[in-house]
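Note that my numbering has the sequence shown beginning at 76, numbered continuously upward.
Glycine residues also receive a C-beta, built at the ideal position from the N, C-alpha and C atoms.
Single-structure report; data block below.
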Amino acid sequence: MGTEEENIFNRGRQLPALLTEFRMNALIKSRRIRLLLSVVTLGLVAAWIYWSQPHRAEMATFAPSDCLAFIEADNASELLAGLEESQGWRALAGPIGARSNLLTNHWLVRVARWVGIGNADALLLARSQVGIVFTGAQVGETGPTLTIRPLATLIIETHSSQRRVRPALEGHIEEFARRTYGQPQFSRKQIEGADIAEWSSPDGVRHIVMAFLDSAAIIGNDETSVVSCLETKRGKRAALAGDKFFEDFRGRVNIPDSSLFGFVSKSGVKSILQAYALYKAASSDAVTASRLLSDTAGNLVNGLGCRSQFVEGMVEDRCFLALAEGVADKLRSTMVAQDRLEIGDLPFVPPDAYSVSIYHLRDVDGLWNDLNAVVSSHADVISALAARPLLRSLLKPYGIEDPDTFVHAIGARIETIRFEENSPSVLVTEALDRQSLRKLAEQRLGPKPRAETVGEFELLFSSSDSWGASFADNHFLIGPAESVRRCLQVQPQSLASIEALRRSERLVDVSLPLTAITFRSDRQTAISFVELFSEHERPSFSANADAVDRAARSLPYAVNVTMLKDNGFEWTSRSGFGLPGSLVTALAPER
Numbered sequence: 076m077g078t079e080e081e082n083i084f085n086r087g088r089q090l091p092a093l094l095t096e097f098r099m100n101a102l103i104k105s106r107r108i109r110l111l112l113s114v115v116t117l118g119l120v121a122a123w124i125y126w127s128q129p130h131r132a133e134m135a136t137f138a139p140s141d142c143l144a145f146i147e148a149d150n151a152s153e154l155l156a157g158l159e160e161s162q163g164w165r166a167l168a169g170p171i172g173a174r175s176n177l178l179t180n181h182w183l184v185r186v187a188r189w190v191g192i193g194n195a196d197a198l199l200l201a202r203s204q205v206g207i208v209f210t211g212a213q214v215g216e217t218g219p220t221l222t223i224r225p226l227a228t229l230i231i232e233t234h235s236s237q238r239r240v241r242p243a244l245e246g247h248i249e250e251f252a253r254r255t256y257g258q259p260q261f262s263r264k265q266i267e268g269a270d271i272a273e274w275s276s277p278d279g280v281r282h283i284v285m286a287f288l289d290s291a292a293i294i295g296n297d298e299t300s301v302v303s304c305l306e307t308k309r310g311k312r313a314a315l316a317g318d319k320f321f322e323d324f325r326g327r328v329n330i331p332d333s334s335l336f337g338f339v340s341k342s343g344v345k346s347i348l349q350a351y352a353l354y355k356a357a358s359s360d361a362v363t364a365s366r367l368l369s370d371t372a373g374n375l376v377n378g379l380g381c382r383s384q385f386v387e388g389m390v391e392d393r394c395f396l397a398l399a400e401g402v403a404d405k406l407r408s409t410m411v412a413q414d415r416l417e418i419g420d421l422p423f424v425p426p427d428a429y430s431v432s433i434y435h436l437r438d439v440d441g442l443w444n445d446l447n448a449v450v451s452s453h454a455d456v457i458s459a460l461a462a463r464p465l466l467r468s469l470l471k472p473y474g475i476e477d478p479d480t481f482v483h484a485i486g487a488r489i490e491t492i493r494f495e496e497n498s499p500s501v502l503v504t505e506a507l508d509r510q511s512l513r514k515l516a517e518q519r520l521g522p523k524p525r526a527e528t529v530g531e532f533e534l535l536f537s538s539s540d541s542w543g544a545s546f547a548d549n550h551f552l553i554g555p556a557e558s559v560r561r562c563l564q565v566q567p568q569s570l571a572s573i574e575a576l577r578r579s580e581r582l583v584d585v586s587l588p589l590t591a592i593t594f595r596s597d598r599q600t601a602i603s604f605v606e607l608f609s610e611h612e613r614p615s616f617s618a619n620a621d622a623v624d625r626a627a628r629s630l631p632y633a634v635n636v637t638m639l640k641d642n643g644f645e646w647t648s649r650s651g652f653g654l655p656g657s658l659v660t661a662l663a664p665e666r
């Protein structure tokens, strides 16, 4: 009896323990379920964020393999962020009247990029990759003046659905067309299943054409170019992507953190040279000569690749110009000096000069002969016959009619000094053979040039035009007489004493085998870029010209260096806005 009561008592004591154990197990299981649900939810959110993030698209799949040039920027928002953090933007945005931030809200931009949440403009800015394809150029004639219009197509891979971004994008293009054309004519049509929207100027000469393919917008100033990019993406035409030469170029020049990459094909180089020659000649009579020049020089070049990145508040551009096989080896022995380039005091460069270029060569006479031989060996019969006169014409802008005598009479260091962006330069060389150089000067100035004394030097100048020449110490100067006079008046202060130039000089590694170095005022270039984003009309901020000028003068000089490297020329520069800024300024409509 006692045992039975004891068992009942024990069971009574165990019951609460069992209930407690049951509740603990249930609680543990509930916690495990909640933890598992949290982990699953977190995983789903992470997967959604990963899936929502834009994954890099190959923009070169839109570019036809025979295009002249191709430019790409993988992250439009990072490019804008780099520009707004640059020295040039921080100095000039306030005085010019531009917003201090190109990106209105960095946090919203990041959210839009990560998870695809935001309005259409935020999505376009945060998630887009951008590419520009140049397929050709149209040459027109207005009176005696030739006009050259590049055929360019802008590719915007939005990484968003058409439904979300297309209306906003069309709205921006509509606004742009109205601002540019006044009263544009709008039309829609179907081409090979693609919906094409077109805005045309009232005279029907200028056009903006847009098509959408999946999540990519294709916008151009020519219908044929837009359709060409459409067909290329659809696989109907060969694409630049996968082209071995292009991929080798991109691998050589581009780096992971580049903000922009550009490529110019061999045919593109020829087209650029031809366009430049036509622009300088400004006459339809120069078409044959420009084509001959582009073919002759273009045969020496295989292509050009460039990339841009932001470094210490400036844009660093690095380009590589690939030469035809054997050209670099032929030029190296006479071009690359054994000693290193020294910038020096620049005694003939005034502090208000726009630019100065210093060329440091090993054997100028030998290089001239090698260059003639290389050009002739890479040209057809007609071009070979024309090559020597074309090369001789390279020195005519400096007043040199006999280049063979000139290169034999000078030393290995050559300087060119420019006072305005498009003004003729003053050529400064070491005078090894004064008698020969004086004869060359007389050929340009005439048999009886006038003379005047500038400081301790004699300035000779033509009685028929404004050209002048001088021997200063052991140097020979030739160029516009007024510019030569300013060069002779430099002492005791030269450009080398200006802080803006010294800041740029510290960026140069003179231990490298540099062939050329150029310092250039970056003021007007930087102002022109920031001016595009001004919220004021030009007259309203022109009253603030003094503040703009002071801010621009605080910027370091743009500097670029050139080396003959491997099988081509490597060109590296540091400037306020670099190639991205130049590209935007060149393509933007006039305000």
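Endpoints, the alpha helix (DSSP H) within which Gln265 is located: Taking the first residue of the sequence shown as 1, we reach residue 265 at position 190. No alpha helix (DSSP H) contains Gln265, which is instead part of the beta strand (DSSP E) from Gln260 to Ile266.
Measure how close the beta-carbons of Gln237 and Met134 come, nearest whole angstrom, since I'm counting them as under 8 Å. The residue labelled residue 237 in the question sits at position 162 within the sequence shown. The residue labelled residue 134 in the question sits at position 59 within the sequence shown. Not a contact, Cβ separation roughly 18 Å.
Pro555 - containing beta strand (DSSP E), residue span: Position 480 of the sequence shown, counted from the start, is the residue given in the question as residue 555. His550 to Pro555 is the extent of the beta strand (DSSP E) around Pro555.
Same chain, Cβ closer than 6 Å to Gln260, five either side skipped, listed in chain order: Along the sequence shown, read from residue 1 onward, the residue named residue 260 stands at position 185. Contacts found: Ser275.
Using three-state DSSP, classify Ala434 as helix, strand or coil. Here the question's residue 434 lines up with position 359 in the sequence shown. According to the sequence as given, residue 434 is Tyr; it is not Ala. The answer is strand: DSSP assigns Tyr434 an E or B state.
For Arg670 and Asn329, which I take to be in contact (beta-carbon distance under 8 Å), what is that distance rounded to the nearest angstrom? A query on residue 670 cannot be resolved here, the shown segment of the chain reaching from 76 to 666 and no further.
Proximal residues to Leu587 (C-beta, below 7 Å), its chain only, five neighbours per side dropped: Residue 587 sits at position 512 when you count from the first residue of the sequence shown. Here the set comprises Met638.
Alpha carbon of Leu315 to alpha carbon of Thr299, nearest angstrom: Taking the sequence shown and counting its residues from 1, one reaches residue 315 at position 240. Taking the sequence shown and counting its residues from 1, one reaches residue 299 at position 224. Their backbone Cα atoms lie some 18 Å apart in a straight line.
Are the CB atoms of Ala428 and Arg493 nearer to each other than 8 Å? Stepping through the sequence shown from its first residue, residue 428 is reached at position 353. Stepping through the sequence shown from its first residue, residue 493 is reached at position 418. Yes, these two residues count as a Cβ contact at 8 Å.
Return helix, strand or coil for Leu698, following the three-state DSSP convention. This structure leaves residue 698 out entirely; the chain is present only between 76 and 666.
Inter-residue Cα distance where the pair is Ala361 and Gly474: Start at 1 with the first residue of the sequence shown, and residue 361 comes out as number 286. Start at 1 with the first residue of the sequence shown, and residue 474 comes out as number 399. Note that Ala361 scores a pLDDT of 49, beneath 50, so its modelled location is shaky and nothing firm can be said.
Buried or exposed: where does Gln349 fall if 16 or more other Cβ atoms within 10 Å of its Cβ makes it buried? Here residue 349 is taken as the residue at index 274 of the sequence shown, counted from 1. Buried is the call here.
State buried or exposed for Ser498, treating a residue as buried only when at least 16 other CB atoms are found within 10 Å of its CB. Translated into positions along the sequence shown, residue 498 becomes position 423. Label assigned to Ser498: exposed.
Expressed to the nearest angstrom, what Euclidean distance is found between the alpha-carbon atoms of Val344 and Lys319? Here residue 344 refers to the residue found at position 269 when the sequence shown is read from its first residue. Here residue 319 refers to the residue found at position 244 when the sequence shown is read from its first residue. Their Cα atoms are separated by approximately 18 Å.
Looking only at C-alpha atoms, which of Glu232, Gly206, Ile171 and Leu110 sits nearest to Phe604? Taking the sequence shown and counting its residues from 1, the one referred to as residue 604 is at position 529. Of Glu232, Gly206, Ile171 and Leu110, the residue nearest in Cα terms is Ile171.
contact_flag[the stretch 424-439, the stretch 392-400] where n(CB pairs < 8 Å) is 3 or more: no
Cα separation between Trp164 and Leu158? What you label residue 164 is simply residue 89 of the sequence shown in a count that begins at 1. What you label residue 158 is simply residue 83 of the sequence shown in a count that begins at 1. For Trp164 and Leu158, the distance between alpha carbons rounds to 7 Å.
Have a look at Glu387, Ser452, Val376 and Leu658 and flag the residue whose alpha-carbon is nearest the alpha-carbon of Arg581. Mapped onto the sequence shown, residue 581 falls at position 506. If we check each option's Cα against that of Arg581, Glu387 comes out closest.
Buried or exposed by the 16-neighbour rule on C-beta atoms within 10 Å, applied to Leu379: Counting from one through the sequence shown, the residue named residue 379 turns up at place 304. Buried, since its Cβ has 16 or more Cβ neighbours within 10 Å.
Shortest alpha-carbon distance to Gly246 belongs to which of Ile266, Ala272 and Glu267? Reading the sequence shown from its first residue, position 171 is the one you call residue 246. It is Ala272 whose Cα lies nearest to the Cα of Gly246.
Given a cut-off of 8 Å, decide if Gly206 and Phe137 are closer than it, judged by their beta-carbon atoms. On the sequence shown, residue 137 is found 62 positions in, with the first residue counted as 1. On the sequence shown, residue 206 is found 131 positions in, with the first residue counted as 1. In contact: Phe137 and Gly206 (Cβ atoms closer than 8 Å).
Out of Ile231, Ala526, Leu416 and Ser541, which one is the CA nearest neighbour of Ala487? Locating residue 487 in the sequence shown gives position 412, counting from the first residue. The option with the nearest alpha carbon to Ala487 is Leu416.
Exposure of His130, with buried meaning 16 or more beta-carbon neighbours within 10 Å: Mapped onto the sequence shown, residue 130 falls at position 55. So His130 ends up on the exposed side.
Once the 5 residues before and after Arg628 are set aside, which same chain residues still bring their CB inside 8 Å of it? As a working note, residue 628 is residue 553 in the sequence shown. These residues qualify, in order along the chain: Ala575 and Arg598.
Taking the continuous alpha helix (DSSP H) assigned at Lys514, which residues delimit it? Looking up residue 514 in the sequence shown gives position 439. Taken as a continuous stretch (DSSP letters only), the alpha helix (DSSP H) holding Lys514 covers Arg509 to Leu520.
Element boundaries [beta strand (DSSP E), containing Lys523]: For the purposes of this step, residue 523 is identified with residue 448 of the sequence shown, where counting begins at 1. Neither: Lys523 is in no beta strand (DSSP E) and is coded neither H nor E.
Whole-angstrom distance between Ile489 and Glu533, CA atom to CA atom: Taking the sequence shown and counting its residues from 1, the one referred to as residue 533 is at position 458. Taking the sequence shown and counting its residues from 1, the one referred to as residue 489 is at position 414. Going by the C-alpha atoms only, they are around 21 Å apart.
Looking at the secondary structure, which residues open and close the alpha helix (DSSP H) in which Asn444 lies? The residue labelled residue 444 in the question sits at position 369 within the sequence shown. Taken as a continuous stretch (DSSP letters only), the alpha helix (DSSP H) holding Asn444 covers Val439 to Ser452.
Residue range of the beta strand (DSSP E) that includes Lys640: Here residue 640 is taken as the residue at index 565 of the sequence shown, counted from 1. Unbroken beta strand (DSSP E) run through Lys640: Ala633 to Lys640.
Let me know if Gly257 comes out buried or exposed under the rule of 16 or more other beta-carbons within 10 Å of its beta-carbon. Taking the sequence shown and counting its residues from 1, the one referred to as residue 257 is at position 182. The residue is exposed, with fewer than 16 neighbouring Cβ atoms inside 10 Å.
If we count Cβ pairs, one from each stretch, closer than 8 Å, do we get three or more for the stretch 507-526 versus the stretch 536-551? yes
Whole angstroms is fine: what's the gap from Asn296's alpha carbon to Ser609's? As a first step, residue 296 is located in the sequence shown; it is residue number 221 there, counting from the start. As a first step, residue 609 is located in the sequence shown; it is residue number 534 there, counting from the start. So the two alpha carbons sit approximately 25 Å from each other.
Does Glu387 come out as helix, strand or coil in the three-state DSSP assignment? Stepping through the sequence shown from its first residue, residue 387 is reached at position 312. DSSP places Glu387 in coil when its eight states are reduced to three.
If you draw a straight line from the C-alpha of Asn635 to the C-alpha of Thr593, how long is it? Taking the sequence shown and counting its residues from 1, the one referred to as residue 635 is at position 560. Taking the sequence shown and counting its residues from 1, the one referred to as residue 593 is at position 518. C-alpha separation (whole angstroms): 5 Å.
Own chain, CB closer than 7 Å to Ile266, minus 5 neighbours either side, in chain order: As a first step, residue 266 is located in the sequence shown; it is residue number 191 there, counting from the start. The answer, listed in chain order, is Val302.
What first and last residue would you give for the alpha helix (DSSP H) that runs through Ser303? The residue you call residue 303 lines up with position 228 of the sequence shown. Ser303 -> alpha helix (DSSP H) spans Glu298 to Lys308.
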